[in-house]
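To start, the structure under review is shown below, and the notes come after it.
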Amino acid sequence: MIRSMTGYGQAEGTVGALRVVVDVRTVNHRFFSPSIKLPNAFARWETEVREAMRHKVARGHVTLTARSERLAETSLAIDEARFAAVAAQLQELTARHGLSGGVDLASVLRMPDVLASPREDDATGTVAELVAIVDVALEALQRSRAEEGERLAAVLRQRLELIAGALDRIGARAPERVVAYRDRLRDSVRELADGVAVDDTRLAQEIAILADRMDVAEELDRFRSHLVAFRATLDDAGGEPVGKRLGFLLQEMLREANTTGSKAADAAILHDVVGVKEELERIREQVENLE
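Numbering (the numbering used here), first residue to last: 627 to 917.
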């Protein structure tokens, strides 16, 4: 299965008393490059989250963000020991300084640390609960990347067909070009000789040497073998990352295209070589998006 390096996944669940939403996004990168943003309550579990990401994603810049909120509103908690201490201290101060009005409930509650709202850090929960949510988000991410990968693979197959057609035209034109070049060379030699006898054997040897230099059969055979390997990789990826292998095959195909162009000495062949190189560049842009 071909996977793109661009994708998105989301999952939500509970970790202790918190509702947690995890978002995962990936974009192109040569290696596995994680970026993790967790609430303070989960910061100590970043290593476990990173490992879960590593098992699912081989290449790409991966950004994981987790958001949390309490499942239900919890009433403010009163620290009764603190309340009693503050009330006693206020009563003592009132009596010592002869203040009127006494000590009321509102005055005590306004004092620091008497009222305490529950903190996010106080929520119970385990790393297994968080990693389970992360795994679901990563599964959604992988489905997204696989769908995008199939679309990219379809585009690549179309490009490969265009290249195969150009190779067929070059293969058909190559022998015709050699014959035309041979005839043109003979006519040029006879014209330059201006009636002087020409050694046909020597001329035939020179033509044979030039024909060998212009022969592109080996380049075309190697190019076609690379095309076969490229298609096989697209069809039989087996879930493994293929982006780097396809990139290496593209380098080899470009090398054969350049060699064919340097041997061409023919406008029609050069036209097809330029078209092949354009398609290879378009394929390279798409392969850079594949894991």
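Ideal Cβ positions, reconstructed from N, Cα and C, are used throughout, including at glycine.
Going by DSSP, residue 851 is part of the alpha helix (DSSP H) stretching over 843-861. Restricting attention to 655, 891, 731, the CA atom closest to the CA of residue 706 is found in 731. Rounded to whole angstroms, the separation of the alpha carbons of residue 708 and residue 739 is 7 Å. Using a Cβ distance threshold of 7 Å, residue 650 and residue 632 do not count as a contacting pair.
For residue 910, DSSP assigns no beta-bridge partner whatsoever.
In the DSSP assignment, residue 658 falls within the unbroken beta strand (DSSP E) covering 658-663. In the three-state reduction of the DSSP assignment, residue 728 falls in the coil class, being assigned neither a helical nor a strand state. Residue 759 sits away from residue 675, with the two beta carbons spaced by 7 Å or more. In this structure, residue 692 lies near residue 664, with their beta-carbon atoms less than 7 Å apart. Shown here for residue 887: same chain residues with a beta carbon closer than 7 Å to its own, the five before and five after excluded, namely 896, 899 in chain order. Taking C-beta atoms under 8 Å as the contact rule, residue 636 and residue 772 fail to qualify, at a distance of about 16 Å. In the three-state DSSP reduction, residue 649 falls in the strand class (E or B). For residue 871, the enclosing alpha helix (DSSP H) stretches over residues 869-890.
Scanning 890, 884, 845 for the CA closest to the CA of residue 904 turns up 884. Take residue 679, set aside five residues on each side of it, and the residues of its chain with a beta-carbon closer than 6 Å to its own are 660, 688, in chain order. In terms of Cβ geometry, residue 775 and residue 909 do not form a close pair [threshold 7 Å].
Residue range 686-696 is occupied by the beta strand (DSSP E) that includes residue 688. Comparing alpha-carbon positions, the option among 655, 751, 686 lying closest to residue 642 turns out to be 751. With contact defined as three or more Cβ pairs closer than 8 Å, the segment 785-794 and the segment 867-876 are not in contact.
Per DSSP, residue 637 is one residue of the beta strand (DSSP E) stretching across 633-641.
In the three-state scheme derived from DSSP, where H, G and I count as helix and E and B as strand, residue 628 is classed as coil. Between residue 913 and residue 860, the CB-CB gap reaches or exceeds 7 Å. Cβ-Cβ distances below 7 Å link residue 845 to 882, 885, 886 in the same chain, with the five nearest sequence neighbours on each side left out; the list follows chain order. In summary, residue 696 is exposed, with fewer than 16 beta-carbon neighbours lying within 10 Å of its beta-carbon over all protein chains present. A Cβ-Cβ separation of about 20 Å leaves residue 793 out of contact with residue 839 under the 8 Å criterion. In its chain, beyond the 5 residues on either side, 684, 685, 917 have a beta carbon closer than 7 Å to the beta carbon of residue 867. The Cβ-Cβ distance between residue 778 and residue 682 does not fall below 7 Å.
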